[in-house]
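Numbering (my numbering), first residue to last: 332 to 466. Where is the CB? At the ideal position from N, CA and C, for every residue including glycine. For clarity, every value in this text was computed on a predicted model and none was experimentally measured. Written out below as structure tokens is the structure these notes cover.
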Amino acid sequence: MGFAEGFIRFTKGLVEDSTSKIHANRQFSEKIQIERGVKQGCPLFFAIATQPSMTLLKSREMEERIHGLHLQGQNYTLHNLFADDSEVMLQAAEENFNELKEAIATYETISGVKLNICKSTIIPVTMGTTPSWLS
């Protein structure tokens, strides 16, 4: 990609060979090797995690594979990405949901970052009943 060797070494130094300790009951555990993930507060977090996921969503929107909310005659795909939290608002259509799942799976494969489904919530906003495919 044309990055200088010194920059590459510096960047690798931020993310490789990381260790951590657990503090419980006033004691620290032995060092634990961190093998993957992005540290919260990492200065490169936006470039490593947030921007690629935004790009995946935006490309699907441009290809008309994901359709955003229809507001005042315009479609809006709303995605807000913060540190380790994401919010995506789409039209309540199964195709949109499947495209979002595919985008997340692609991002997980490329980055090694995994969505914690147990901490995830889908909030259907609808004028009628919740679609059966979402139940």
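Please state whether DSSP places residue i in a helix, a strand or coil.
| i | result |
| --- | --- |
| residue 405 | strand |
| residue 350 | strand |
| residue 446 | coil |
| residue 339 | helix |
| residue 453 | coil |
| residue 363 | strand |
| residue 460 | coil |
| residue 278 | The requested residue 278 does not occur in the structure, where the chain is confined to residues 332 to 466. |
| residue 333 | coil |
Using the DSSP secondary-structure output, state which residues sit across from residue i in a beta bridge.
| i | result |
| --- | --- |
| residue 421 | In DSSP, residue 421 forms no bridge with anything. |
| residue 355 | 358 |
| residue 411 | 418 |
| residue 400 | 407 |
For residue i and residue j, which I take to be in contact (beta-carbon distance under 8 Å), what is that distance rounded to the nearest angstrom?
| i | j | result |
| --- | --- | --- |
| residue 437 | residue 388 | The pair is not a contact, with the Cβ atoms about 11 Å apart (cut-off 8 Å). |
| residue 430 | residue 396 | 5 Å |
| residue 420 | residue 446 | Actually they are not in contact, since the Cβ atoms of residue 420 and residue 446 sit about 17 Å apart, beyond 8 Å. |
| residue 423 | residue 462 | 6 Å |
| residue 426 | residue 464 | Actually they are not in contact, since the Cβ atoms of residue 426 and residue 464 sit about 10 Å apart, beyond 8 Å. |
| residue 410 | residue 393 | About 13 Å; that fails the 8 Å criterion. |
| residue 365 | residue 390 | Wrong, their Cβ atoms sit about 30 Å apart, outside the cutoff. |
| residue 383 | residue 442 | 7 Å |
Q. Using 8 Å as the Cβ pair cut-off and three pairs as the minimum, do the region 396 to 410 and the region 341 to 353 touch?
A. no
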